[in-house]
Amino acid sequence: MGTVAALHGLCPLYGEFGDYPVFAPLFGVRNDLGREPLAARRGLPGDASAAVRTEFEEARRLDAAVPSPTSVSWAELARADLAASPAGLRGVVLLREPTGEGGQVRGGYAQRRFWVGERWGSAVLVRRMGPGVGGWIPAELPFGERSVGATRVTYRPFTLGDAVGPGTGWEHVFAVMAALAGRFGDHGVRLVVYFD
Numbered sequence: 068m069g070t071v072a073a074l075h076g077l078c079p080l081y082g083e084f085g086d087y088p089v090f091a092p093l094f095g096v097r098n099d100l101g102r103e104p105l106a107a108r109r110g111l112p113g114d115a116s117a118a119v120r121t122e123f124e125e126a127r128r129l130d131a132a133v134p135s136p137t138s139v140s141w142a143e144l145a146r147a148d149l150a151a152s153p154a155g156l157r158g159v160v161l162l163r164e165p166t167g168e169g170g171q172v173r174g175g176y177a178q179r180r181f182w183v184g185e186r187w188g189s190a191v192l193v194r195r196m197g198p199g200v201g202g203w204i205p206a207e208l209p210f211g212e213r214s215v216g217a218t219r220v221t222y223r224p225f226t227l228g229d230a231v232g233p234g235t236g237w238e239h240v241f242a243v244m245a246a247l248a249g250r251f252g253d254h255g256v257r258l259v260v261y262f263d
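Just so we're aligned: the sequence shown equals residues 68 to 263 in our numbering.
And the structure:
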């Protein structure tokens, strides 16, 4: 096995509201819904590079709230069932909206995802889902699709694939890991993380 090197710049994967639906089932971070994480609190791997160790210790020195680092191997990620629904999340709301002004389709469509637990979590989301939704809690509202003006609203069960599958940006991270695993083996490639 080689050494673990630092990988920075995952911020584009965080999305508009942070990527807590990813961090909780993968790493147990911001796990307010009690999901069972794949790789929580394992610490730094024994072969982590000096640079990674120094960076983590400096982050922890500056902010005692920095939680324990952890890592997940490509072997574990490759086995993960993207169709599984992690406990604690009721579903996902997908809003497909026109990108033009005034609801006109000029530049195509944009899609936004909202993770839903026992509560909707956002009055704005409830409004955008259309009339009649405000009186329901997520567990009572049937899954399905409907149009609200020019916006297409889909409410369906949440899966791990919604968090890290195709279209989330994480598929690029996993493609690099898979390519490296072709050279170093599935257990020789890990994603090492800690959060600040």
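Using N, Cα and C, we set each Cβ at its ideal position, and we do this for glycine too.
Please read these numbers as outputs of a predicted model, since none were measured by experiment.
Query, Result
"Assigned secondary structure, residue 165 (DSSP; H/G/I helix, E/B strand, else coil)", "strand"
"Host beta strand (DSSP E) of residue 211 (start-end)", "211 to 215"
"Neighbour-count burial assignment, residue 115, 16 or more Cβ in a 10 Å radius", "buried"
"Cβ-Cβ separation, residue 184 to residue 156 (assumed contact under 8 Å), whole Å", "6 Å"
"Inter-residue Cα distance where the pair is residue 194 and residue 213", "14 Å"
"Residue 225 vs residue 159 beta-carbon contact at 8 Å", "yes"
"Selected residue, minimal CA-CA separation from residue 176, among 219, 253, 186", "219"
"Whole beta strand (DSSP E) elements within the stretch 127 to 161, 3-residue minimum", "137 to 140"
"Beta carbon proximity, residue 221 to chain C, threshold 8 Å", "Given the protein chain composition of this structure (a single chain), no chain C is represented."
"Residue burial classification, residue 137 (beta-carbon count within 10 angstroms, cutoff 16)", "buried"
"Given residue 108 as reference, the closest of 133, 239, 204, 251 once Cα atoms are compared", "133"
"First and last residue of the uninterrupted beta strand (DSSP E) at residue 181", "176 to 183"
"CA-to-CA distance, residue 244 to residue 261, given in whole angstroms", "18 Å"
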